[in-house]
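Just add 23 to wherever you are in the sequence shown, counting from 1, and you've got the numbering used here.
Here the structure is laid out as structure tokens; the discussion comes afterwards.
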Amino acid sequence: MEKTQQPVKVGYYGYPEAKEGPNTTYSNQQASNPVLRGIPLAIAGSLVTHLNLVSSFLWSNAGFNSLRRLDLEDYEPRYDPTVIPKAKNESTTANAGSGSTVDHAVYINGPKYPNRHYYTIADYHSAYESGKLTPTAVAQALLDLVPKHKAAFLDVKKDQVLAAAEASTQRYKDGNSRSMLDGVPVSVKDEVDLKGHSKSMGSSTDYTNPQDVTSWCVRKWEEAGAVIVGKLNMHEQGLDTTNNNPITGTPLNPHNPHYYTGGSSGGSAYATAAGLFPVTLGADGGGSIRIPAAYCGVYGLKPSHARVSGSPTIGLAQSTGVLGPIASSMADLEYAYRIMSAPNPSSTHSSAFPSPTTRIPTPPSQKLIGIYKPYFTTGVDPSVLSACNAALSYFSNHGNYHIIDIHLPYLPQGQLAHAMTILSEISSELTSLSSLTPANKILISVGKQTPATDFLLAQRLRNLLMQHLAFLFQKHPGLLIVTPTTPNAGWHISGGAADLKYGVSDANMSLRAMTYVWMANFSGCPSLTIPVGRARPKEGEGMVPVGLMAMGEWGGEEGLMEWGRVGEEWAWREGPEGMGKPGVWEDVLGLAGRGGSDDAS
């Protein structure tokens, strides 16, 4: 039977043909990959790098050959998921040089949540403008805290931080601050370039740019006056979702140290949840912003593909990876995003996007949440499902969102196609595996086994999924596709200290954690995770955060922001089920006002 088709959508570059995909049945089959740790992991890591027969077996065992059973002949391969909304009555490069063009009036008096309040960008700005505090005092307080939270940091230059803070302090004295972000401390994942800093991608290899430059999106924050405190820890090469890193250290979940922060932007999520910064920069090729943000109980945005420019480099996963903000409030996430996503005139894709400097008023049309019920519920921890359903009720009853049923085809196969793509892209850039941890030796060796014919099948499936999403977005304008961020309530460190020292390879859990996040990376759509509740832990005292995630149409960040603001009202409600700050949270403004603390060492 011929599938329903919609007219081609105008007002976009690269918009997929809107075509309904096959009516498939969702089946959440458990992965059967071996879990390896300790000496067996070390042996396996050595074997797969030297014996193609072993890595070939693991490739087939992971199910990567299953795409051969799909009928994809009617779909051309699509290698680049970039879809760009055309700018309307504006120069796309206007205001690209300064974050001060962002109207901060809508952010300065953002919502407050008594007894649970994280400091916001507006709090820092108000303290500076009133003269109560200076950026220099705040920077010094933070530098004193770095040793206490050293697992989150990879490279901090004290002199550089203080020089930037002192320049900001002088601007406030002169009544000449650049923006609301002026003097506000932020930090960035070690996947971007930062002048005067090394870059290792969380590995033992030096990837520092010899030109000693700063990536575009970080420059936008600097030009707005932000004080970049340093580079944050990440999973080695961004290759998994725990941030277990035997090379650079593993930051533990701020809410419960028996759990991972999630990865690969684990240092960014940790530093945000611990109150060190109101916003940090992360990177997301397969949930690497949204998974750690969800595990740490904060907000994380994966923008539309190519929306945020990381030029000159953004890492290795070119067709799936993006840069985006992690923040402890929606206002901060939104404000930081508007500055960092200024179009880059030297980037073909970024320069074509409209400048997102102003909050767009809510359209009068009905707001829609799409739920594919089998996908939403199957294999999900009861505590996660309960928290997500409660949040959905709030969106429906208090946020004027109408919930509709939708269908998404070939989801397990699509997840494998995404994994095959990102592993192939990264493995093609890594010529030597000798310096990698055993767990990543296994991943990269398996990725290198992908034949060109199977890689092409994955790109055909990407096109099918993008066409089906285009069909849904045209049939239901304003649609947000909502799922749990992860089906699991955090990732418990089951092997304890030994896993942190030697690493662990648990592909079954990695795939489970990525059940929902992969589609936004593979299709190029924007996606936002918000905290919606907490679950009882398997070990320890701290409750484990639970995240809910929405995915919007290409260029649809505005609809996601509005959805996130409604969700924030729910998340920070009073009572035991509402979100709260972790026990390691730092009162940075209080410490700065007291001139630091001996407890910071």
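Glycine included, every Cβ here is placed at the ideal spot set by N, Cα and C.
One or two residues paired with residue i in a DSSP bridge
i	result
Tyr-36	Ile-107
Leu-502	Leu-391
Met-574	Ile-504 and Ser-550
Ser-210	Thr-303
Ile-426	Ile-392
Val-527	Arg-60
Val-250	Pro-208
Phe-176	Leu-255
His-220	His-220 pairs with nothing; no bridge assigned.
Pro-568	Arg-557
His-328	According to DSSP, His-328 bridges with nothing at all.
Residue i - DSSP class collapsed to helix/strand/coil
i	result
Gly-122	Summary for Gly-122: the model assigns pLDDT 43, below 50, so the residue's position carries little reliability, and this model does not support an answer.
Gly-154	coil
Pro-560	coil
Gln-341	coil
Ala-297	coil
Val-236	coil
Tyr-195	helix
Asp-263	coil
Val-77	helix
Pro-605	coil
Lys-42	strand
Gly-323	strand
Tyr-417	helix
His-540	The question names His, but residue 540 in the sequence shown is Val. Val-540 falls in the coil class under three-state DSSP.
His-148	helix
Tyr-283	strand
Pro-315	helix
Leu-275	strand
Closest by C-alpha distance to residue i, when choosing among the options
i	options	result
Arg-559	Tyr-130, Leu-583 and Ala-512	Ala-512
Ser-528	Gly-344, Asn-266 and Thr-381	Asn-266
Thr-627	Val-169, Thr-264 and Leu-487	With the chain covering 24 to 624 only, the question about residue 627 has no answer from this structure.
Pro-63	Gly-526, Met-537 and Met-602	Gly-526
Gln-163	Asp-178, His-172 and Val-184	Val-184
His-140	Asn-75, Arg-596 and Pro-274	Arg-596
Ala-340	Trp-541, Gly-501, Gln-52 and Tyr-424	Trp-541
Ile-449	Asn-88, Glu-259, Gly-86 and Glu-580	Glu-259
Leu-93	Gly-519, Gly-518, Lys-561 and Leu-434	Leu-434
His-499	His-127, Thr-400 and His-430	His-430
Distance, residue j Cα to residue i Cα
i	j	result
His-220	Trp-239	15 angstroms
Lys-254	Ser-210	6 angstroms
Ser-370	Ser-546	20 angstroms
Gln-28	Lys-42	5 angstroms
Ala-54	Val-403	15 angstroms
Thr-380	Gly-61	50 angstroms
Glu-245	Pro-554	28 angstroms
Ile-394	Val-241	35 angstroms
Gly-587	Met-353	7 angstroms
Phe-478	Ala-440	8 angstroms
Ser-550	Asn-486	19 angstroms
Glu-40	Leu-95	15 angstroms
Ala-188	Asn-84	53 angstroms
Tyr-360	Gly-305	12 angstroms
Ile-392	Gly-579	14 angstroms
Leu-408	Leu-453	39 angstroms
Met-443	Leu-459	19 angstroms
Gly-320	Pro-301	13 angstroms
Lys-659	Ser-227	Here the chain has residues from 24 to 624 only, and residue 659 is not among them.
Trp-577	Glu-214	24 angstroms
Gln-497	Ala-375	22 angstroms
Ile-465	Gly-68	5 angstroms
Thr-271	Ala-294	16 angstroms
Gly-323	Glu-581	14 angstroms
Distance between beta carbons of residue j and residue i, contact taken as under 8 angstroms
i	j	result
Gly-575	Leu-583	5 angstroms
Lys-243	Met-363	5 angstroms
Ser-291	Ile-349	5 angstroms
Pro-100	Tyr-35	The Cβ separation is near 20 angstroms, so there is no contact.
Pro-326	Gly-286	The Cβ separation is near 19 angstroms, so there is no contact.
Pro-568	Tyr-318	6 angstroms
Asn-132	Gly-563	Asn-132 to Gly-563, Cβ: 37 angstroms. No contact.
Val-469	Ser-78	5 angstroms
Distance cut-off 6 angstroms: residue i Cβ against heavy atoms of the ligand ATP
i	result
Gly-323	Although the ligand ATP was asked about, the structure shown includes no ligands whatsoever.
7 angstroms Cβ cutoff, residue i in contact with chain C
i	result
Ser-533	Protein chains in the displayed structure number just one, and chain C is not present.
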